[in-house]
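Single-structure report; data block below.
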Amino acid sequence: MTDKRCGICGVENYRRHLRFRVRKEQVVICRGCHTYRTFPYSNTDYSEQEFYCEHYIKNEKLFRGFARSLIEIVLRHKKNGRFLDIGCAVGFLLEEARSSGFKAEGIELNKKAAEFVRSKGFDVKECALNECGYAESSFDVISLNHILEHVIEPNEFLKGIRDIVKNTGIIIIGVPNHDSLVAKLYKSKWYGWGVPEHVWHFDRGSMQNLLSKNGFQIKELIQNSQYYAFSKSLRKNTMAVLAGIGARLGAGDQLIIVAQKT
Numbered sequence: 002m003t004d005k006r007c008g009i010c011g012v013e014n015y016r017r018h019l020r021f022r023v024r025k026e027q028v029v030i031c032r033g034c035h036t037y038r039t040f041p042y043s044n045t046d047y048s049e050q051e052f053y054c055e056h057y058i059k060n061e062k063l064f065r066g067f068a069r070s071l072i073e074i075v076l077r078h079k080k081n082g083r084f085l086d087i088g089c090a091v092g093f094l095l096e097e098a099r100s101s102g103f104k105a106e107g108i109e110l111n112k113k114a115a116e117f118v119r120s121k122g123f124d125v126k127e128c129a130l131n132e133c134g135y136a137e138s139s140f141d142v143i144s145l146n147h148i149l150e151h152v153i154e155p156n157e158f159l160k161g162i163r164d165i166v167k168n169t170g171i172i173i174i175g176v177p178n179h180d181s182l183v184a185k186l187y188k189s190k191w192y193g194w195g196v197p198e199h200v201w202h203f204d205r206g207s208m209q210n211l212l213s214k215n216g217f218q219i220k221e222l223i224q225n226s227q228y229y230a231f232s233k234s235l236r237k238n239t240m241a242v243l244a245g246i247g248a249r250l251g252a253g254d255q256l257i258i259v260a261q262k263t
């Protein structure tokens, strides 16, 4: 899609940051809010993708580890209550939340994955957030793990999140960090760009701006690295090592943010 209006600040003025050698997409920077975005981007339909479910199951040990690390962060802020995972995939985070004392449920657009999670006893909706019918102030915790970069209209989405999280609740967000050591070194070869599926590309400043604009304040921010492209490729293994170094230096390629309503 080729909408030139910035979905965050509404400005239609960009400058190019990055062009990909074998792709038509480029990453541009909004001159209004300085957020990076893909142009043109793809409005991907994940509902029927067959490989989606298998990818998580094949790498279960890895993704369960990620889920546990997220729950450990959540528990520093909330100990129990109603937990919603948006984009719950095959349910590893829901299982960790349930075993930690939360009443966990999810939203998942991929039909096969949603059915798989339901088989574990979870309530899972297959619809956009604004179509789910949740009551206001329903949730104590809402998780958006690598979801926000795919959302075409992030302001509208976050306003919907704000409506259904309690005043005392939290949201936990995971996004790739384009200001990381690896992103700077590898430029267009950094895996975190994820074009054309990733519409937006965030760093600490742009996430602060987006959350503040939509009525949230950051309570905790972590820069880490969860590089998981296992490969015998020397280049990819080198990237993984550098990602780990970047994380230790506070320049990891992933941002984990805990935020609360202002």
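Residue numbering for the sequence shown follows the working numbering, beginning at 2 and increasing consecutively.
By construction, the Cβ of each residue, glycine as well, lies at the ideal position given by its N, Cα and C atoms.
Owing to the predicted nature of the structure, the values given are computational and were not obtained by experimental measurement.
Assuming Y37 and H179 form a contact by the criterion Cβ under 8 Å, report the distance between their Cβ atoms to the nearest whole angstrom. Taking the Cβ atoms as the reference, Y37 lies roughly 6 Å from H179, within the contact range of under 8 Å.
Three-state class that DSSP yields for C133 in the structure shown: Note: C133 maps to coil in three-state DSSP.
So, is N81 buried or exposed, given that buried needs 16 or more other C-beta atoms within 10 angstroms? N81 should be labelled exposed.
Complete beta strand (DSSP E) runs within the region 116 to 176 (minimum length 3 residues, chain order): Fully enclosed beta strand (DSSP E) runs of no fewer than 3 residues occupy 140 to 146 of the region 116 to 176, in order along the chain.
So, for K220: in the same chain, excluding its five sequence neighbours on each side, which residues have a beta-carbon less than 8 Å away from its beta-carbon? Cβ neighbours of K220 within its own chain (closer than 8 Å, five residues either side excluded): H78, I171, V259, A260 and Q261.
Simplified DSSP state of N81, which is helix, strand or coil: N81: coil per DSSP, three-state reduction.
List the whole-angstrom C-beta distance separating G251 from Q224, where the pair is believed to meet the contact cut-off of C-beta under 8 Å. Separation of the CB atoms of G251 and Q224 is rounded to 6 Å, and the pair is thereby assigned contact status at 8 Å.
Which residues DSSP lists as bridging V29, in chain order: DSSP lists R17 and R38 as partners of V29.
Of all the options C34, G107 and Y135, which has the alpha carbon lying nearest to the alpha carbon of H202? Among C34, G107 and Y135, the Cα nearest to that of H202 belongs to C34.
With distances taken between CB atoms, is the gap from C54 to A114 smaller than 9 Å? It is a contact, given that the beta carbons lie within the stated cut-off.
Nearest neighbour of P197, chosen from N60, T39 and E73 [CA to CA]: Minimum Cα distance to P197 is reached at T39.
Throw me the rounded Cβ distance for the E154 and G8 pair, which I believe falls under 8 Å. About 5 Å separates the two Cβ atoms, so the contact holds.
A184 lies in the alpha helix (DSSP H); which residues open and close that run? DSSP places A184 in the uninterrupted alpha helix (DSSP H) bounded by L182 to Y187.
Starting from the C-beta of F84, find all residues in its chain whose C-beta is less than 6 Å away, skip the five residues before and the five after it, and write them out in chain order. Excluding positions up to five away in sequence, the list reads A98, F103, A105 and V142.
With H, G and I counted as helix, E and B as strand and the rest as coil, what does DSSP make of N210? Assignment of N210 by DSSP, reduced to helix, strand and coil, places it in the helix class.
Leaving out five residues on either side along the sequence, give the residues of the same chain with a beta carbon under 6 Å from the beta carbon of K121. Hits under 6 Å: G92.
Nearest by alpha-carbon distance to I257: which of G11, H199 and P177 is it? Per the Cα distances, P177.
Beta-carbon spacing of A265, L110 below 9 Å: Only positions 2 to 263 of the chain appear in this structure, which leaves residue 265 out of reach.
Out of C89, D124, I165 and L63, which has the shortest C-alpha to C-alpha gap to S48? Shortest Cα-Cα distance from S48 to any of C89, D124, I165 and L63 involves C89.
Quick check on the DSSP output: the alpha helix (DSSP H) that includes F203 runs from which residue to which? No alpha helix (DSSP H) holds F203; DSSP gives it neither H nor E.
Between L159 and I87, is the Cβ-Cβ spacing less than 9 Å? In this structure, I87 does not lie closer than 9 Å to L159 by Cβ.
Rounded C-alpha distance that separates R22 from L182: Counting only the Cα atoms, L182 lies some 21 Å from R22.
Taking A68 as part of the alpha helix (DSSP H), name the residues at either end of that continuous run. Counting along the chain, the unbroken alpha helix (DSSP H) around A68 starts and ends at E61 to L76.
CB contact flag (A241, G253, <9 Å): The beta carbons of A241 and G253 sit no closer together than 9 Å.
Residue from C133, R20 and E96 with nearest C-alpha to I265: Missing from the structure shown is residue 265; the chain here goes from 2 to 263 and no further.
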